[in-house]
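Participant: Here you go, one structure.
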Amino acid sequence: MIKGFRQIASLTAVSRVFGFLRDMAYSHFFGANALLDAWTIAFKIPNLARRLFGEGAASASLIPIYSEELHKDRHQAKQLVNTVVTVLFILMAAIILTGEGIIWAYYKFFTSTSETRLVLSLTSIMLPY
Numbered sequence: 001m002i003k004g005f006r007q008i009a010s011l012t013a014v015s016r017v018f019g020f021l022r023d024m025a026y027s028h029f030f031g032a033n034a035l036l037d038a039w040t041i042a043f044k045i046p047n048l049a050r051r052l053f054g055e056g057a058a059s060a061s062l063i064p065i066y067s068e069e070l071h072k073d074r075h076q077a078k079q080l081v082n083t084v085v086t087v088l089f090i091l092m093a094a095i096i097l098t099g100e101g102i103i104w105a106y107y108k109f110f111t112s113t114s115e116t117r118l119v120l121s122l123t124s125i126m127l128p129y
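Quick note: the sequence shown uses the UniProt record's numbering, first residue 1, plus one each step.
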């Protein structure tokens with residue numbers, strides 16, 4: 001158990017260092033300006049969805065159940081995965097379409113600065129990510 005903890009802690013530390021280096025590279029190449037701020041803000045929503053549905057609770061709860069079902073009945077395990085993937089696809093499609101609708105409505109009904117329009121445009125592009 002200690003070995004597993006050390007491995008996870010080490011990989012987390014490496015991930016944090018690479019994240020820090022990534023942020024330094026962004027600052028070096030883009031500078032501290034509105035473009036980098038807009039990109040960072042626009043990336044938050046899709047990245048949060050990816051972390052929740054791809055790396056977070058969904059995968060953490062699915063893997064043990066799938067593993068258990070796989071030992072019991074392969075057909076049932078396959079059906080479980082198909083159902084989960086279908087539900088996640090429908091849920092993510094609904095979130096993307098709703099987000100695109102909100103962005104469209106904001107463009108249509110509100111006046112905004114060029115920075116806000118840039119954030120909305122980038123969010124619209126990155127939302128399916």
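Yeah, the Cβ is synthetic: ideal placement off N, Cα and C, and Gly gets one too. The structure presented is a predicted model; accordingly, all values stated were derived computationally and were not measured.
Run the CB neighbour count on L35, radius 10 Å, all protein chains shown included, and call it buried at 16 or more, exposed below.
Facilitator: Exposed.
Participant: Rounded to whole angstroms, what's the CA-CA distance from N47 to Y66? Just pull it up for me.
Facilitator: Rounded to whole angstroms, N47 to Y66 spans 25 Å at the Cα level.
Participant: What residue does the alpha helix (DSSP H) around R127 start on, and which one ends it?
Facilitator: Residue identity differs from the one stated: residue 127 is Leu in this sequence, not Arg. It is not in any alpha helix (DSSP H) - L127 carries neither H nor E in the DSSP assignment.
Participant: Whose C-beta lies closer than 7 Å to the C-beta of Y26 among residues of the same chain, with five residues either side of it excluded?
Facilitator: Result list for Y26: L36, in chain order.
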